[in-house]
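The structure appears below as structure tokens.
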Amino acid sequence: MKHIVPDFYKAFHCKADACQHTCCRGWEIDIDNTTAVQYQAMSGAIGDALRASMVCDEEGNWQFKLSGSDERCPFLQPNGLCRLILTIGEKNLCDICTLHPRFFEVWETPSGSVELGGVGLCCEKSCELLLVSDGPLQFVNSETKETFSFAELLAYIQLPIPVAQQMYEPKASTAYGQFVLDCLAQTEPINEIWTQQIQLMQARADSLLHQMTMVIQKGLLSHWNRIYQYILYRQLGQCDTWPIDVVTAYAHMNTTFILLTYLQTGCLQEAIRSWSEQIEYDTENVAVLLDMLAYDISS
Numbered sequence: 195m196k197h198i199v200p201d202f203y204k205a206f207h208c209k210a211d212a213c214q215h216t217c218c219r220g221w222e223i224d225i226d227n228t229t230a231v232q233y234q235a236m237s238g239a240i241g242d243a244l245r246a247s248m249v250c251d252e253e254g255n256w257q258f259k260l261s262g263s264d265e266r267c268p269f270l271q272p273n274g275l276c277r278l279i280l281t282i283g284e285k286n287l288c289d290i291c292t293l294h295p296r297f298f299e300v301w302e303t304p305s306g307s308v309e310l311g312g313v314g315l316c317c318e319k320s321c322e323l324l325l326v327s328d329g330p331l332q333f334v335n336s337e338t339k340e341t342f343s344f345a346e347l348l349a350y351i352q353l354p355i356p357v358a359q360q361m362y363e364p365k366a367s368t369a370y371g372q373f374v375l376d377c378l379a380q381t382e383p384i385n386e387i388w389t390q391q392i393q394l395m396q397a398r399a400d401s402l403l404h405q406m407t408m409v410i411q412k413g414l415l416s417h418w419n420r421i422y423q424y425i426l427y428r429q430l431g432q433c434d435t436w437p438i439d440v441v442t443a444y445a446h447m448n449t450t451f452i453l454l455t456y457l458q459t460g461c462l463q464e465a466i467r468s469w470s471e472q473i474e475y476d477t478e479n480v481a482v483l484l485d486m487l488a489y490d491i492s493s
């Protein structure tokens, strides 16, 4: 099977204690069955700590018990490092802790199976890598080192996205900007911070949309094709269920929302990361937006 990833994929590494938004806090941490069995049989003090920190639901799925108002993993130390990695090694982590924020999806093409991979943008290191260049997004076959532009990748997997929809063409329209904010406001919030941010952006919509128009007119959009194409790349699998026009509209809407958030906050990396945490990592919120866009396009 061919494996294709963004060209920055191999540069990814966990920032550990340097991360300001650790994935060891505020996220459910599932333990795959194989690792759960291993943890249940582990001896010594760390085995006792593991068994005391695991809970099994009615369906037989294991998770770590989170604690505190910030829902911390029981093995996240005050210094931001993982006690499990320090004591039993990274090779003994459960699957989700080993893989996150990596993602993979298999495509079947007439010439064989292709696995597309990447790193999710809820991770600040992933955002740093995406923004390290403002040049065209590039992909690489991890075995042959063959490189692809986004257009070449789409041709390779035989996904017929029109050329005009492969690039981010911003819409300097007040009506469209309001539509974007209204749609994002209908997603299920993961915390009060998201709700407050949306409300503030809606209150300042006229000012933000004016700023967006100025940015567009001045051509200050160096990173935005990369952001748009990566959001679209992450959701290419949705083209099996939704029309291509809907999936590209999803990427366009969310790129525009990130642009508006950046104009509101002044921090592009965090605008991307917080959006991904709220939308990209909640399949129900992704579905809500796709459904609204499908209705809008058909009406």
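Quick note on this note's numbering: the sequence shown kicks off at 195 and runs consecutively. Yeah, the Cβ is synthetic: ideal placement off N, Cα and C, and Gly gets one too. Just so it is clear, the structure is predicted and the values come from calculations on it, not from any experiment.
Y475: CB within 7 Å of a non-hydrogen atom of the ligand GTP: In the structure on display, the ligand GTP does not appear, and there are no ligands present to speak of.
For V308, the three-state DSSP class (helix, strand or coil): V308: strand per DSSP, three-state reduction.
Meets three-Cβ-pair contact criterion under 8 Å: the region 416-426 and the region 383-394: Cβ pair count under 8 Å is below three, so no.
Distance, E474 Cα to D264 Cα: In this structure, the CA atom of D264 is about 21 Å from the CA atom of E474.
Enclosing alpha helix (DSSP H) for R277 [first to last residue]: Residues R277 to I282.
Neighbourhood of I384 by C-beta distance below 6 Å, restricted to the same chain and skipping five residues each side: Closer than 6 Å at Cβ, skipping near neighbours: Q472.
Closest residue to Y424 among T281, G283 and Q332 (Cα-Cα distance): If we check each option's Cα against that of Y424, Q332 comes out closest.
The region 299-311 in contact with the region 274-286 per 3-pair CB rule at 8 Å: Result no; under three Cβ-Cβ pairs closer than 8 Å.
Span of the beta strand (DSSP E), counted from its first residue to its last, around I198: Unbroken beta strand (DSSP E) run through I198: K196 to P200.
Nearest residue (CA-CA) to I198, options S343, F258 and A358: I198 has its Cα closest to that of S343, out of S343, F258 and A358.
Contact between the region 217-233 and the region 254-263 (3+ Cβ pairs under 8 Å): Under the 8 Å Cβ criterion, the region 217-233 counts as touching the region 254-263, having at least three qualifying pairs.
DSSP three-state assignment for R398, whether helix, strand or coil: Residue state, collapsed to three classes: coil.
Selection from D201, S492, I452 and Y422 that minimises the alpha carbon distance to T338: The shortest C-alpha to C-alpha distance from T338 to any of D201, S492, I452 and Y422 is the one to D201.
Simplified DSSP state of M236, which is helix, strand or coil: Residue state, collapsed to three classes: coil.
Nearest residue (CA-CA) to G274, options C218, G329 and A239: Looking at the Cα atoms, C218 is the closest of the given residues.
Ordered list of alpha helix (DSSP H) runs contained in the region 349-383, each at least 4 residues: Taking only runs of at least 4 residues, the alpha helix (DSSP H) segments lying wholly in the region 349-383 are 368-379.
Residues that DSSP places opposite Q332 in a beta bridge: In DSSP, Q332 forms a bridge with S343.
Three or more C-beta pairs below 8 Å linking the region 448-461 and the region 395-411: The region 448-461 makes contact with the region 395-411: 3 or more CB pairs, one atom from each, lie closer than 8 Å.
Pair within 8 Å by beta-carbon distance, S312 and Y427: Checking the sequence shown, residue 312 turns out to be Gly, not Ser. Result yes, Cβ atoms of G312 and Y427 sit closer than 8 Å.
Spatially closest choice to C377 from A481, T435, L310 and T407, by CA coordinates: Nearest neighbour of C377 by Cα position, chosen from A481, T435, L310 and T407, turns out to be A481.
Of the residues Q234, V441, Y203 and P364, the one placed nearest L403, counting alpha carbons only: Of Q234, V441, Y203 and P364, the residue nearest in Cα terms is P364.
CB contact flag (G314, S307, <8 Å): By the CB criterion at 8 Å, G314 and S307 fall outside the cutoff.
C-alpha distance - E284 paired with K412, whole-angstrom precision: C-alpha separation (whole angstroms): 47 Å.
Burial state of M486 (16 or more Cβ within 10 Å): Buried is the call here.
Same chain, Cβ closer than 6 Å to T381, five either side skipped, listed in chain order: The beta carbon of T381 sits closer than 6 Å to those of N479 and V482, all from its chain and outside the five residues before and after it, given in chain order.
Cα-Cα separation between V409 and L454, rounded to whole angstroms: Those two C-alpha atoms are separated by around 11 Å.
Cβ-Cβ distance between I355 and I438 below 8 Å: Judged by their CB atoms, I355 and I438 are nearer to each other than the 8 Å cut-off.
Under the three-state DSSP convention, the category D224 falls into: Of the three classes helix, strand and coil, the one that applies to D224 here is strand, per DSSP.
Those residues which DSSP pairs with V300 across a bridge: Under the DSSP definition of a beta bridge, V300 partners with E309.
Range of the contiguous alpha helix (DSSP H) that encloses C321: Its alpha helix (DSSP H) spans residues E318 to L325.
Residues sharing a beta bridge with T248, DSSP: According to the sequence provided, residue 248 is Met. The question's Thr does not apply to it. BP columns for M248 point to F258.
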